[in-house]
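Here the protein sequences come in this chain order: A and B.
First residue of the first sequence: 1, per the working numbering; consecutive thereafter.
First residue of the second sequence: 308, per the working numbering; consecutive thereafter.
C-beta: ideal position from N, C-alpha, C; glycine also.
Since the structure is predicted, the reported quantities are computational estimates derived from the model, not experimental observations.
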Amino acid sequence: MSEYILRTNQLTKRYKQTLALDNVNLHIREGEIYGIIGQNGAGKSTLLRVITGLALPSGGSVELFGKSERNEWVDMQKRIGALIENPALFSNMTAIENLELHRLQRGIPGRECIKKALQLVDLEHTGNKKVKNFSLGMKQRLGIAIALLSDPEFLILDEPTNGLDPTGIVELRQLIKKLNREKGVTVLISSHILSELHQLATSFGIIHKGKLLEELTAKELDEKCRKYLQIKVDDPKKGAIVLEQTLAATDFEVLQDGTIKLYEYLDDVRTVSLALTKNGLVIEHLSHHGDSLENYFTKVIEEVYHD
Amino acid sequence: MINLLKAETFKLKRNKSFWMIAGLMAGTSILFHILIMTEWWMMSGTKFDAVGLGKLNGLAPFTVPVFFNLAVCSLAAFFISSEFSESGVIRLQVMSGYKRSHVYFAKYLVFSFGTIIITVVIPLLTAALIAVALGHGDILQAQHFQYIVGTYGLFTLQLLGYTAIVMMLAILTEESGKTIIFSILFTVLVFVIEQFAYHPSVGWLYEHTIFHQFSFVFTPELSGAEWMRSTAVGVITILLVLAIGMAVFNRKEIK
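Pasting the structure below:
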């Protein structure tokens, strides 16, 4: 079997004159929590809709669990649980009836799964209350319960925190982490709340105007977002010696252009500055650097935009 | 496929519109039969008169497309189209790992089942009950029973062709209101075409449609060839419209 749960190859989706997806090559490995980052209208939902078969691709292919032939690919969707855009529910039915319908549809034996799914999203006490009387957050949680009903190996969630209160958001994050950790569920999640994704995802894909600009792991992202002091002195070699010997710094690097990245003394710029000048170095530049996910995301988009 | 049928049946049983339409059809049917059997309302010149079943003339309106379409298109609107617009639950079906053609076929079967209940079973059942209740049970003799079973068998076949058409309309329009409007316009269009049936080419074409067959199948003592033709028209319509409907649904963007 392929090492990827999901892989798209030159995936393209065109709506008349608009190119909603432009040759997207997405890679999601087993066990990952993959966060799709993008602005409104960037193509996140379109991508998820094509992956789940709601929209048909104009070009390229989708490989799901190693299968890319259309018939096999449709069959593989039985192993997926998904919540795309708003939850699809019958408003005149109760939560249990909505879940029962999907249990029948998926052919899941026994009704225990319904109770379990309701407990997972804290909706087990809704009784005979019709969905039309649910709050937005309750509907969202029921949508998640439906996605989880068949114990999916791959969970696709499009903006799942919509309508959830802060407690609900934290609970959902914990639930996703738990499913990923304990059951090995691979998750593809899209959200415009980047800080939320940052706490959850193990890999990221940045999408903008239908193009997948970058794929990176959380480790790589942390590396890129790591805070540091950027130092430029007239003699970088001597500067490095000063940092090592005078300040006993070990976590720094000297780039090819002579810029020094110091990952220590972030709150003590004065000491660094004094040490360098006392050793006869001229400081050309000394400033804090490092991005939040938001800044990094903006930077990637701007770089492409300016190119 | 069985799972899809179970799910569709579950939805039909909980569909308020279905029960409301069934109730209205039952009420209307009971009223028609009582009025006609007690001779408060005289209806003549129907196909039922010709075979000595004038007491069952209350069945006649339920065999006219313009009339029964009101029930069929309402059910299509609130059972099929609403899944695309209001609830959006069609998404979950399409994502559930079944071929779209299977999803479509399961919907068609259960929708047709619901349609047969409200347009065939309810009028026939209420007719039989009212006939017995009003002391006209003698009309349910073997000879008449044979006629009713035979003609309604053929009628149901044509009706299955019609449900295939209305279901395709419901899937194309995706909105309850639009489904009802377009279905009514469609039956009006067929009625207009029927008025031009005197023209040889239009007439020949019209005679080979389910719309002509809806009334033709009630002709007393149909010949073998006419039976065959009626069956062929029904079966070909079902297969052709289902194939087109599935092709449309297979390529449809689900919003």
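Three-state secondary structure assigned by DSSP to A/ASN162: DSSP, read as helix, strand or coil, puts A/ASN162 in coil.
Burial state of B/VAL439 (16 or more Cβ within 10 Å): B/VAL439 comes out exposed.
If you count every other CB in all the chains shown that lies within 10 Å of the CB of B/THR426, and 16 or more means buried, which is it? The residue in question, B/THR426, is buried, as its Cβ has 16 or more Cβ neighbours within 10 Å.
Under 9 angstroms between beta-carbons, which chain B residues line up against A/ALA82? List them in chain order, please. Think of a sphere of 9 angstroms around the beta carbon of A/ALA82: the chain B residues whose beta carbon falls inside it are ARG398, LEU399 and MET402, in chain order.
Residue range of the alpha helix (DSSP H) that includes B/HIS409: 407-423 is the extent of the alpha helix (DSSP H) around B/HIS409.
Can you grab the Cα-Cα spacing for the pair B/CYS380 / B/ALA550, in whole Å? Going by C-alpha positions, B/CYS380 is about 20 angstroms away from B/ALA550.
Pick from B/LYS485, B/LYS323, B/GLY442 and B/THR370: whose alpha carbon is nearest that of B/PHE523? For B/PHE523, the closest alpha carbon among the candidates B/LYS485, B/LYS323, B/GLY442 and B/THR370 is that of B/THR370.
Got a sec: which bits of the segment 103-118 of chain A sit with their beta carbon under 8 angstroms from any beta carbon on chain B, in order along the chain? Here the close residues are LEU104, GLN105, ARG106 and GLY107.
Could you pull out every residue in the same chain whose Cβ sits closer than 8 angstroms to the Cβ of B/VAL495, ignoring the five residues on either side in sequence? Cβ within range, chain order: VAL373.
Under the three-state DSSP convention, the category A/SER135 falls into: Three-state DSSP puts A/SER135 in coil, outside helix and strand.
Distance check for B/TYR469 and B/VAL497, CA to CA, integer angstroms please. Linking B/VAL497 to B/TYR469 through their CA atoms gives a straight-line distance of about 12 angstroms.
Short Cβ contact (8 angstroms threshold) for A/ALA309 with A/ARG14: The first residue shown for chain A is 1 and the last is 307, placing residue 309 of chain A beyond what the model contains.
Is there a Cβ of chain B sitting closer than 8 angstroms to that of A/ALA20, yes or no? Interface annotation, A/ALA20: not in contact with chain B, CB-CB separation never under 8 angstroms.
Given a limit of 7 angstroms on CB to CB distance, which residues of the segment 309-327 of chain B reach chain A? Identification of residues in the segment 309-327 of chain B having a C-beta nearer than 7 angstroms to some C-beta of chain A yields ASN310, LEU311, LYS313, ALA314, PHE317, LYS318, ARG321 and LYS323, given in sequence order.
Which of the three DSSP states is assigned to A/ASN86 in this structure? Under the three-state reduction of DSSP, A/ASN86 is assigned to coil, being neither helix nor strand.
Helix, strand or coil, according to DSSP, for B/GLN450 in the structure here? Correct three-state label for B/GLN450: helix.
Partner residues on chain B for A/GLU97, Cβ-Cβ distance less than 9 angstroms: Simply PHE317 and ARG321.
Taking beta-carbon pairs under 9 angstroms, can you tell me which members of the segment 400-424 of chain B lie near chain A? For the segment 400-424 of chain B, which is checked against every Cβ of chain A, the residues closer than 9 angstroms are GLN400, VAL401, MET402, SER403, GLY404, TYR405, LYS406 and ARG407.
Please list, in chain order, all residues of the same chain as A/VAL24 whose beta carbon is under 6 angstroms from its beta carbon, the five residues on each side excluded. If you ignore the 5 residues before and after A/VAL24, its C-beta comes within less than 6 angstroms of the C-beta of THR8, LEU11 and LEU212, all in its own chain and listed in chain order.
Of all the options B/PHE418, B/LEU441 and B/PHE391, which has the alpha carbon lying nearest to the alpha carbon of B/MET344? When C-alpha distances from B/MET344 are compared across B/PHE418, B/LEU441 and B/PHE391, the shortest belongs to B/LEU441.
Counting C-beta neighbours from all protein chains within 10 Å, is the total for B/PRO305 16 or more, i.e. buried, or is it exposed? Chain B is shown from 308 up to 562; residue 305 of chain B falls before or after that span and cannot be answered.
Counting only runs of 4+ residues fully inside the segment 6-75 of chain A, write out the alpha helix (DSSP H) ranges in chain order. Unbroken alpha helix (DSSP H) runs of no fewer than 4 residues, entirely contained in the segment 6-75 of chain A, are found at 44-51, following chain order.
State the Cα-Cα distance for the pair B/THR458 and B/LEU529, rounded to the nearest angstrom. One C-alpha to the other measures close to 9 angstroms.
A/SER203 (DSSP reduced to helix, strand or coil): DSSP places A/SER203 in strand when its eight states are reduced to three.
Examine chain A for any beta-carbon lying closer than 8 angstroms to the beta-carbon of B/GLU514, and answer yes or no. Not one chain A Cβ lies under 8 angstroms of B/GLU514.
Buried or exposed: B/PHE503, going by 16 or more other Cβ atoms within 10 Å of its Cβ? B/PHE503 should be labelled exposed.
For B/LEU529, the three-state DSSP class (helix, strand or coil): Residue state, collapsed to three classes: coil.
What are the residues that DSSP puts in a beta bridge with B/PHE493? Answer by DSSP bridge pairing: none, since B/PHE493 is not bridged.
Measure the Cβ-Cβ separation of A/ARG106 and B/SER403 and say whether it is below 8 angstroms. Yes; because the gap between Cβ atoms is below 8 angstroms, this pair is in contact.
Proximity test, Cβ basis, 8 angstroms: B/ILE387 and chain A: Closer than 8 angstroms: no.
Pick helix, strand or coil for A/PHE252, following the three-state DSSP scheme. In the structure shown, the three-state DSSP call for A/PHE252 is strand.
Consider the Cβ of B/ARG558: report whether some Cβ of chain A lies at a distance smaller than 8 angstroms. Look at B/ARG558: its C-beta is under 8 angstroms from a C-beta on chain A.
Start and end residues, beta strand (DSSP E) containing A/LYS278: Where A/LYS278 is concerned, there is no enclosing beta strand (DSSP E), although the alpha helix (DSSP H) it sits in stretches over 269-278.
Straight-line gap, B/PHE489 to B/ILE429 (C-alpha atoms, nearest Å): Taking the straight line joining both Cα atoms gives about 25 angstroms.
What is the DSSP secondary structure of B/GLU315, counted as helix, strand or coil? Of the three classes helix, strand and coil, the one that applies to B/GLU315 here is helix, per DSSP.
What's the C-alpha gap between A/HIS285 and A/GLU264? The alpha-carbon separation between A/HIS285 and A/GLU264 amounts to approximately 17 angstroms.
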